[in-house]
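Working notes, structure below.
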Amino acid sequence: MPASSPYNPFGREIIVRWRATELGSRIAQIDTKATRSLAAIEGSLWGFDYKLGYMQSKSEAESNLLSGYLRVSAVRAGLAAGRINGLGATTGADFAVLQAAQAIGQSRTSTAESKGLRFQSDARIIHAAGRRGSNCLWA
4 MPASSPYNPF GREIIVRWRA TELGSRIAQI DTKATRSLAA IEGSLWGFDY KLGYMQSKSE
64 AESNLLSGYL RVSAVRAGLA AGRINGLGAT TGADFAVLQA AQAIGQSRTS TAESKGLRFQ
124 SDARIIHAAG RRGSNCLWA
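Everything in the sequence shown is counted per the working numbering, starting at 4 for the first residue and increasing by one.
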């Protein structure tokens with residue numbers, strides 16, 4: 004809350020954490036979609052066993068705010084103008100400003116994706132290639 008707010012008794016900017024319970028419960032609709040693909044080939048070639056696999060997964064989520072959430076920029080402007088009392092009871096005028104500051108219909112989309120390739124062979128192939136250690140290669 005800025006020092007200039009008529010509701011700020013301290014004369015300097017303060018941090019106020021408060022929830023506008025007067026607007027009711029926070030309600031959001033979250034839609035998610037997840038896909039996963041796997042493919043593998045395994046067998047023997049020239050007397051050696053092998054396995055080759057590929058994996059891909061993707062997850063998307065979209066959040067739609069329905070009620071009870073506030074736009075931070077609008078609340079800051081209301082506090083700075085002295086139209087919202089962040090330290091006391093909400094009055095009719097405060098309530099009107101809070102209602103106008105609701106973040107309804109705003110959405111956020113999040114996406115996560117991962118991919119991987121794995122090759123595993125008979126240990127004799129690794130030794131023939133001059134490599135030591137693990138017989139798994141990741142890309």
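For each residue, glycine too, the CB sits at the ideal point set by N, CA and C.
In this text the structure is predicted, and so the values were computed from the model without any measurement.
The segment 84 to 98 / the segment 36 to 54 touching (three or more Cβ pairs under 8 Å): no
Starting from G81 and walking both ways along the alpha helix (DSSP H), at which residues does that stretch end? 75 to 83
Just the Cα atoms here: how many angstroms apart are R121 and T38? 19 Å
Taking the alpha carbon of N67 as the point to measure from, which residue in T35, S76, L41 has its own alpha carbon closest? T35
At 3 residues or longer, what runs of the beta strand (DSSP E) sit wholly inside the segment 5 to 85? 30 to 48, 51 to 70
Contact between the segment 51 to 59 and the segment 6 to 17 (3+ Cβ pairs under 8 Å): no
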